[in-house]
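Below you'll find the structure, written out as structure tokens, and then a few comments.
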Amino acid sequence: MEEKEEMIDIETDELNIEKIKEYMPGFKKQIDDLDSDIILLNTNSDKLSDEINNTKEQLNLKISDVEETVSEEKEKISASESPETLTSIANKLITLASEKKQLEEELENKLKEFDSNKKELNEKLELRNSIKEKLENMEKTTAKEIFNIVNEYEEKINKINQALEVCDNSKIKEALEEEKNKMQEILSSKKEQANKEIQKELEILNPTTTDKEEKSSDDIKVETTVKKEELKPVENAELDTIKPVDVSPIIFPESTNEESTVEQPKSEEKVESDVKVEIPIEEKKVTLELPDVTFEKAEKISAPMSTIDFEIRDREVIQRDIVPEGKVEQIQNSSVIKESINNFFQKINSEILTLPKENKTNEVEELKTIEDDNVKDASLDDNYYIGAPIVSNVEMDVYENIDDLKTRFNPQRKYVNDNISSVVLLEKNQVINESSTLGTVLTDIKYSSGVQNANPEIVFKLSNNGYILYDNNKLSVIDYDKKEMKVGR
Amino acid sequence: MDNNIKHQIVTLSNGDKYFVLEELNDGFDTYDFVLNIDDEKDIEIVKQTVVDSKLILKKLNDADKVKELSEKFKSIIDENQKKL
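Chains A and B, in that order, give the protein sequences. Using the numbering used here, the first residue of the first sequence is number -19, and each one after it goes up by one. Using the numbering used here, the first residue of the second sequence is number 11, and each one after it goes up by one.
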């Protein structure tokens, strides 16, 4: 029982599909168990009610018996006053009184049992209704989650459609089509998954047995009636007229003109439980209407590329599982995953890095010094700035440290869309071999620029034969053709 | 709470499970390069945020940021592949 109550403590707003999957069968079993308990308690209530009525009937019969006996014996007492007769009469009355008392006690016990049974029945009903409510909330949550997932992908597809309408670049279009197809595949998969989930829920909630359906059609109503019979008063036996005999005093507390009462039911005309036990496991009509996605219907809007959402939505991490070391390597070495990773990077390069035609240029604007206004505006202590002062279509970036800078300007990367044609990363204070091409270039730079001690950590070769050197926290810009060098911070 | 989820399988509130291939911190924020284990073609870059002690993987809207992060992740992954 404790376990069951713990499970009910889950807050509705914390529910999600995983938790629902986990808890729904448990809740379902709880309801089944409680239904069985309730049926048992109802049966018990009916039985007790019958027993109470029988006992009351017996009690009334006994009272009538006493009344009759007293009446008969009164006549005998009038006719004969012999001690034997009186003793016999007294003994008979004592026996009758004792039997009456026994019946009253029995009635009282049965009424107590009935009340206890009723209390337990109410508790179980309350618990059952609470669990049923949780289950209903779960269903709503499940449906909501599924709708969210489907809507999410439909939204993504719509955005891609919108972008396709306004995009002129064939490469981007191709990539978008690919993305759209991928999204459609995922959407179909999610729809299929959603249908399976719903089917599972229906199976859990609506077992195929007709048992429950039959139960559902008949509300079980506890209607236990304890009839109060007209208890006839026992007439005064007038025992004070009987001469004392060697028996215990005969006391008939109820044998007055008062109505014979039993305290427990408080003389109610009808003890009726108003509790209705609703066993039905209602038919779950969880319907999910998944609209067909019609790409042709996408409205043409001028959505900028940057609004395309390539990412998953905000989601809370609800579970974290450590993956064993061996398994990690297995994943990393998987050819399928490697291919997915490569495709991802290619997709990003083709969809995001490719600049529109009008922005493509191999011409570098006139070199500007680091002291240019652009740089001054962006000056922040201890950060490095690359790009804007030298190349017009490379945005100003801020880098926190040299590692970040190195990562950003990866030498292996093909810089096809901006004016940096290659990058050479050098270890700090690494001596450049002057016989190498780079060494020769650097020597030329050093001597031509007059910076004799230049030993750059990073050299960016620009497509117009210019260079950017990062050296000792300074950026040097070299226009190689002009043999001109500007040194910044 | 330790929010380093590299090489862990995370289950998100929508039921999706992701394997975190790589993680990097740019000094301000932590980003994850994640692989959907149900659909191995689905790879994403997400940003970590913590709200009320709950770890949230957040979508990125900034294409430039995605570009920048993908380059960083590629560099790290290429480096790792060499070691393997």
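C-beta atoms are modelled at their ideal positions from N, C-alpha and C, and glycine is treated no differently. Everything numeric in this text was worked out from a predicted model, so none of it was measured.
The C-beta distance from Ile32 of chain A to Leu101 of chain A rounds to 16 Å, too long to meet the 8 Å contact threshold. By the rule that beta-carbons nearer than 8 Å mark a contact, Ser63 of chain B does not touch chain A. For Asp74 of chain B, there is no enclosing beta strand (DSSP E); the enclosing alpha helix (DSSP H) has its first and last residue at 73 to 93.
Beta-bridge partners assigned by DSSP to Phe43 of chain B: B:Glu32, B:Ile55. Of all alpha-carbon atoms in A:Asn329, A:Gln326, A:Ser320, the one lying nearest the alpha-carbon of Asp48 of chain B is that of A:Ser320.
Taking each of B:Leu45, B:Asn13, B:Asp12, B:Val60 in turn and checking the Cα distance to Phe83 of chain B, the smallest one comes out for B:Leu45. Between Ile55 of chain B and Phe38 of chain B, the gap from beta carbon to beta carbon reaches 8 Å or more.
The C-beta of Asp42 of chain B comes no closer than 8 Å to any C-beta of chain A. Residue state for Asp30 of chain A is assigned as helix, using DSSP reduced to three classes. Contact annotation, Lys90 of chain A with Leu14 of chain A: C-beta distance approximately 25 Å; criterion of less than 8 Å not satisfied.
Under the Cβ criterion of 8 Å, Val76 of chain B is counted among the residues facing chain A. Counting along the chain, no beta strand (DSSP E) covers Ile311 of chain A; the unbroken alpha helix (DSSP H) around it starts and ends at 305 to 313. In the assembly as shown, Ser23 of chain B is a buried residue. Its beta-carbon has 16 or more other beta-carbons within 10 Å. Comparing alpha carbon positions, the residue from B:Asp36, B:Ile53, B:Ile66, B:Ile86 closest to Asn13 of chain B is B:Ile66.
Going by DSSP, Ile15 of chain B is part of no beta strand (DSSP E) at all; its letter is neither H nor E.
Residues of chain A with a Cβ closer than 8 Å to the Cβ of Asp49 of chain B are, in chain order, Ile166, Ser169.
Asp15 of chain A carries a helical assignment under DSSP once its states are collapsed to helix, strand and coil. Shown in chain order are the members of the region 310 to 321 of chain A whose Cβ falls below 9 Å from a Cβ of chain B: Ile311, Gln312, Asn313, Ser314, Val316, Ile317, Lys318, Glu319, Ser320, Ile321. Against Val303 of chain A, the close residues of chain B are His17, Gln18, Ile19, Phe29, in the order they occur along the chain (beta-carbon pairs closer than 8 Å). Just so you know, the alpha carbons of Phe325 of chain A and Met118 of chain A end up roughly 40 Å apart. Apart from sequence neighbours up to five positions away, the residues of its chain that approach Glu53 of chain A with a beta-carbon distance below 6 Å are Ile69, ordered along the chain. Nearest to Asn329 of chain A by C-alpha distance, out of A:Ala155, A:Ala143, A:Lys307, A:Phe7, is A:Ala155. In this structure, the beta-carbon distance from Glu33 of chain B to Lys57 of chain B does not fall below 8 Å. Of the other Cβ atoms in all chains shown, fewer than 16 fall within 10 Å of the Cβ of Gln82 of chain A; this residue is therefore exposed. Contact note: Lys84 of chain B reaches chain A through Phe325, using a C-beta cutoff of 7 Å and chain order.
Under DSSP, Val61 of chain B shares a beta bridge with B:Lys64.
When beta bridges are read from the DSSP output, Val146 of chain A appears opposite no residue. Interface criterion met: the Cβ of Lys69 of chain B is under 8 Å from a Cβ in chain A. Listed along the chain, the chain A residues whose CB falls inside 9 Å of the CB of Asn90 of chain B are Gln312. Our two residues, Ile302 of chain A and Gln18 of chain B, have alpha carbons roughly 5 Å apart in a direct line.
In this model, Val60 of chain B and Asp72 of chain B are separated by some 20 Å (Cα to Cα). Non-local beta-carbon contacts of Asn24 of chain A in its own chain, meaning distances under 8 Å to residues more than five positions away in sequence, involve Asn97 in chain order.
Within chain A, no C-beta atom comes less than 8 Å from the C-beta of Asn14 of chain B; the nearest is roughly 10 Å away. Of the residues A:Leu167, A:Ile111, A:Ala143, A:Glu113, the one whose Cα lies closest to the Cα of Glu134 of chain A is A:Leu167. When rounded, the separation of the alpha-carbon atoms in Arg300 of chain A and Asp26 of chain B is 12 Å.
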